[in-house]
Each structure stands twice: as structure tokens, then as C-alpha cells.
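**Q** Just so you know, our numbering puts 220 at position 220 of the sequence shown, and the rest follows in order with no gaps.
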Amino acid sequence: MNSLYAQKTQHQAARLRQSGALPETLGFQPEDVEYVLAMCDGEHNFASPAFLPQHRAILRELIGAGLAFRCPRGFTGSAPVILGAHWSVTGRCNLKCRHCYMNAPEGQAELPLAAMERIVKALCESGATGVKLTGGEPLMRKDFFLLIDLITENGLAVTNIYTNATLIDDRVLAQFEQAGVHPVFHVSFDGVGAHEIMRNVPGAEANTLRGIRCLLEAGYTVTVATSVDENVLPTLEKTYELMREMGVHAWGMARPMAAGCGKKLDRIGDERFAQACEAVLLRWKQDGKPF
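Structure follows, in C-alpha cells:
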């Protein structure tokens with residue numbers, strides 16, 4: 001179940017108590033606003049049936065007016081230390097990418113769920129309200145959706161997921177729907193006809209494209225990133241055309257990081273890469289900036 005916790009902004013709440021007046025711009029009955037403000041204690045879940053849509057509307061206004069802020073469950077601080085985290089939840093991966101910055105093809109491990117729960121608690125104590133999940137391939141975790149439940153039950157939102165999309169299908173999408181999360185998906189796709197050269201697994205290109213289509217058909221926001229080396233460079237025009245035809249929400253390209261497996265790759269020079277980017281940029285503008 002989704003959760004929504006909030007905490008009072010201490011100096012604003014103190015000033016409110018001193019003045020005895022609520023901002024007129026809130027547009028709600030003062031007793032309703034006072035009730036919602038009193039429930040901003042980090043313990044009451046505004047997403048539960050105990051609260052009406054009007055209460056959640058008041059909460060949005062309180063947050064907008066600086067009288068409260070969203071927080072994870074149980075947070076008692078006066079302000080968050082961090083807003084969120086980019087979290088690698090596993091080192092395992094089902095591909096063997098030539099440019100993997102964390103050497104996932106060599107076989108990495110992952111922490112058990114109990115250890116992940118301790119990390120979630122630490123994030124809550126920091127006041128974080130959102131996480132971006134990556135790997136390895138995050139969907140390789142057998143307990144991935146248990147982890148999703150653990151995160152959301154504690155008042156953190158799963159805002160983004162970084163994936164190779166090969167494991168995305170209708171069954172997985174149904175699990176996302178059941179979990180009540182609707183993240184932005186960031187998918188890696190390394191060029192029409194070149195993807196499998198980079199990923200070193202037969203069928204990876206077809207499976208990634210199938211996964212992207214599944215996500216788009218289900219209404220998710222999908223952004224695609226292409227790592228460009230000598231093999232991918234000649235495919236950029238066709239890759240751009242495919243991304244435009246598929247209707248992805250954003251597409252970008254970059255050279256692989258010189259880390260992990262990527263240290264072994266020959267890096268395209270700045271001038272050649274800039275020229276390739278300019279050619280795609282010109283086409284993108286001519287097409288009316290489709291994404």
C-alpha cells in the first residue's frame with residue numbers, strides 16, 4: 001500500500017501557534033487545517049482510509065505553504081538530512097556488458113533483505129522520501145517486490161528504476177501495479193544491431209525492445225540511454241528513428257565510463273562524438289523535438 005507521512009516545519013508551526021491564525025490562502029476551515037497539522041507527526045499515514053481526500057488536499061497546501069514537509073514513517077527531525085538516494089540493490093545481472101562500470105559480468109553479490117531493511121531504516125532516520133533503484137539489474141533480486149513493499153511501507157517513494165528491461169513482461173508489470181508504485185524507468189539500449197555486441201548475450205536486443213514496448217503500453221514514463229563506442233556510433237541515426245517511432249519520453253547518449261569493464265574499451269575522441277551528437281541534434285530539431 002502507498003504511504004504518505006508528514007512532519008510539521010518546526011519554526012513555521014511555532015509561529016503559527018504564536019499568532020493563532022492560519023494563512024487565509026489555504027482556503028479550508030481552520031479546524032480542518034488544525035487537525036491535519038496536528039497529524040503531521042511522522043506517524044499518521046495520510047494515504048490510509050482514515051483520512052479523506054480533503055485532508056490530503058489540505059496537507060498539500062500545508063506543504064506548499066512551508067508549514068509541513070513530507071517525511072518517511074517515524075521521522076522526528078526538524079528537516080531532512082538528505083532527500084533521497086540512488087541505491088544499487090544488487091550486483092547481479094543477467095547480461096555481460098562490455099562496458100559495465102561495476103564489473104557485474106564477473107558476478108557480484110547482494111545484501112539479504114534483513115540488511116536492506118536496516119538501510120531503509122537509516123534512510124528514514126535521515127528524512128529521505130524517495131529512492132532510485134539500480135543494480136546490476138535490480139529485477140534479478142528474487143525478493144525485489146518484497147523490497148519495494150518494505151520501502152513504500154516506510155513512507156519512501158520508488159521514483160526511478162534503472163533496468164536493462166529484458167525481464168519486463170506483463171507479469172512483472174502486474175506486480176508493479178499491485179505494489180502501487182509508478183516509477184520512471186531508465187532503460188539502457190546500445191544501438192540498433194549493436195546492442196548485443198555491447199551486452200554479450202544473444203537475444204538481448206529483442207528482449208530489451210520488447211520490455212520497452214511493454215512499459216510504454218502500460219503507461220510508464222520511459223527514458224533510454226545509449227552507450228556509444230565504435231560499434232554503436234554508426235547506428236545512432238537508426239537508433240534515433242526507432243526511439244522516435246516507439247514513442248519513448250527521452251533518449252540520450254554518452255560514452256561509457258572509464259571504470260570497471262569500461263576501462264578496457266577504446267574511447268571515441270571528443271570531436272567525433274561531438275559531431276555525432278550534433279547530427280542527431282539537428283535531426284531531432286527537424287522532427288519537431290519528438291522527445
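Note that beta-carbon positions come from the ideal geometry of N, C-alpha and C, so glycine has one too. A quick note: this is a predicted structure, and the numbers were derived from the prediction, not measured.
Use the C-beta contact count for residue 8: other C-beta atoms within 10 angstroms, 16 or more gives buried, fewer gives exposed.
**A** Buried is the call here.
**Q** Who are the near neighbours of residue 249 in its chain, counting only those whose CB is closer than 7 Å to its CB and skipping five residues on each side?
**A** Around residue 249: 221, 222, 223, 291.
**Q** Would you call residue 190 buried or exposed, if buried means 16 or more other Cβ atoms sit within 10 Å of its Cβ?
**A** With 16 or more Cβ atoms within 10 Å of its Cβ, residue 190 is classed as buried.
**Q** At which residues does the beta strand (DSSP E) containing residue 185 begin and terminate?
**A** Per DSSP, residue 185 belongs to the beta strand (DSSP E) from 184-188.
**Q** Mind checking residue 72: buried by the 16 CB within 10 Å criterion, or exposed?
**A** Classification for residue 72: buried.
**Q** Looking at C-alpha atoms only, which residue of 6, 65, 69, 76 is the closest neighbour of residue 45?
**A** Considering only alpha carbons, the answer is 6.
**Q** Counting only the same chain and skipping the five closest in sequence on each side, list residues whose C-beta sits under 7 Å from that of residue 247.
**A** Around residue 247: 216.
**Q** For residue 225, which residues of its own chain have a beta-carbon under 6 Å away from its beta-carbon, when the five flanking residues on both sides are left out?
**A** Once the five neighbours on either side are set aside, the close Cβ partners of residue 225 are 188, 252.
**Q** Return the chain-ordered ranges of every beta strand (DSSP E) run that is complete within the stretch 54-78 and spans a minimum of 3 residues.
**A** With a minimum length of 3 residues, the continuous beta strand (DSSP E) runs that stay inside the stretch 54-78 are 68-71.
**Q** Measuring CA to CA, which of 47, 77, 133 is closest to residue 85?
**A** The candidate whose alpha carbon is nearest that of residue 85 is 133.
**Q** Would you grab the beta carbon distance between residue 103 and residue 261 for me? Rounded to a whole angstrom, and I think it's under 8 Å.
**A** Contact flag correct, Cβ pair sits at about 6 Å.
**Q** Classify residue 227: buried if its beta carbon has 16 or more other beta carbons within 10 angstroms, exposed otherwise.
**A** Looking at its Cβ environment, which holds 16 or more other Cβ atoms inside 10 Å, residue 227 is buried.
**Q** Among 147, 259, 96, 130, which has the Cα closest to the Cα of residue 114?
**A** The residue with the shortest Cα to Cα distance from residue 114 is 147.
**Q** Any heavy atom of the ligand PLP within a distance shorter than 7 Å of the CB on residue 28?
**A** In terms of ligand content, the structure shown is empty, and the ligand PLP therefore cannot be addressed.
**Q** Give the single residue among 271, 130, 40, 53 whose Cα lies nearest to the Cα of residue 183.
**A** Nearest C-alpha to residue 183: 130.
**Q** Counting only the same chain and skipping the five closest in sequence on each side, list residues whose C-beta sits under 6 Å from that of residue 25.
**A** In this prediction, residue 25 has a pLDDT of 47, which is less than 50 and means its spatial position is unreliable; what the coordinates show is noted afterwards. Taken in chain order, the list of residues that qualify is empty.
**Q** From residue 273 to residue 283, what distance separates their C-alpha atoms?
**A** Straight-line Cα distance between these residues: approximately 16 Å.
**Q** Do residue 89 and residue 135 have their beta-carbon atoms positioned less than 8 Å apart in this structure?
**A** Cβ atoms of residue 135 and residue 89: closer than 8 Å.
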